[in-house]
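Everything in the sequence shown is counted per our numbering, starting at 527 for the first residue and increasing by one.
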Amino acid sequence: MIIKSFEITKAKFSSFKSILLYGMNKGYKDEVIKSYILAGFKGEISRYEENEVLDNENNIIESLMNGSLFENKKIIIISRSSNKILNFIEKYLEKSVSCIQVILNADNLDKKSKLRSLFEKNKKLACIPFYEDTNKSLNNLAIKFIREKSIKISQESLNLIVERSRGDRSNLNNELQKLEALSKTKKKISQEDIFNITNLAEDYGIFELVDNYLAKNKTKVSKILNENNFVNDDCILI
């Protein structure tokens, strides 16, 4: 069963045997797992990497069955999941374990993915795609944050925070936490303050500089040259 982004707040995640979260928006996935899937859960939470599960597949399946005999509620979160985990999930579903839920956290899965297809078509399973945030969606999150915290900051400075987060919700949240801490000692925050407290998520690639130069985007070229930390090889290329 596919759950779209606007349905997340209303979904009853505890009713699904297993949940697949896929896509490159790590920050949003982490937020949904923490604030919606695990919210209010009182049982045991176990975390695995996919390779750990694949290396100990039979032992983990056996432990799930043994645990179910005692009716202990448990959530298992498997990170870095891929199509390789399909066999494990099929075995888990065959066992009809009612008190244990498996959460799969995966990167991009294409439309031909058998794992994705299984979760999309089965009403007992939930499949949630996570697409990259746009600057607009990140800006809306930032505006909501500063209003809730009553922080005085210009839209221009807020745009700078969003831009420096480079489309990553996790980076944005980190920078907003710094902003909140600074707001407790400063009534109004300037753009210079933002430059001082924020970090560029990562250096712009050399080819991004080339593309913007060829496109005659003077503003972006200037920004890349000013903010990047270039190594010697980059300087030669430039």
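Quick reminder that beta carbons are idealized off the backbone N, C-alpha and C, glycines included.
Could you check where the beta strand (DSSP E) with ASN631 kicks off and where it finishes?
626 to 632
Could you tell me which residues DSSP puts in a beta bridge with ARG573?
ILE603
Does the count of Cβ pairs from the segment 638 to 656 and the segment 670 to 689 closer than 8 Å reach three?
no
Cβ of ILE586 within 7 Å of Cβ of LYS617?
no
Endpoints, beta strand (DSSP E) assigned at SER544:
544 to 548
Helix, strand or coil: how does DSSP classify LYS678 here?
strand
So, with DSSP's three-state summary, where would you put LEU651?
strand
Under the rule that 16 or more other beta-carbon atoms within 10 Å means buried, what is ILE479, buried or exposed?
Because the chain here runs from 527 to 764, residue 479 falls outside it and cannot be looked at.
Confirm, please, whether the CB-CB distance from ILE534 to ARG525 is below 7 Å.
For residue 525 there is no data in the structure shown, the boundaries of the chain being 527 and 764.
GLU575 and ARG606 - do their beta-carbons sit closer together than 7 Å?
In this structure, GLU575 lies closer than 7 Å to ARG606 by Cβ.
For GLU570, collect the residues of the same chain with a Cβ closer than 8 Å to its Cβ; drop the 5 residues on either side in sequence, then sort them by chain order.
ASN598, LYS599, LYS600, ILE601
Please return the same chain residues whose Cβ sits closer than 6 Å to the Cβ of PHE645, not counting the five positions on each side in sequence.
LEU546, LEU651, CYS653
Would you mind sorting THR724 into buried or exposed? The rule is 16 or more other CB atoms within 10 Å of its CB.
With 16 or more Cβ atoms within 10 Å of its Cβ, THR724 is classed as buried.
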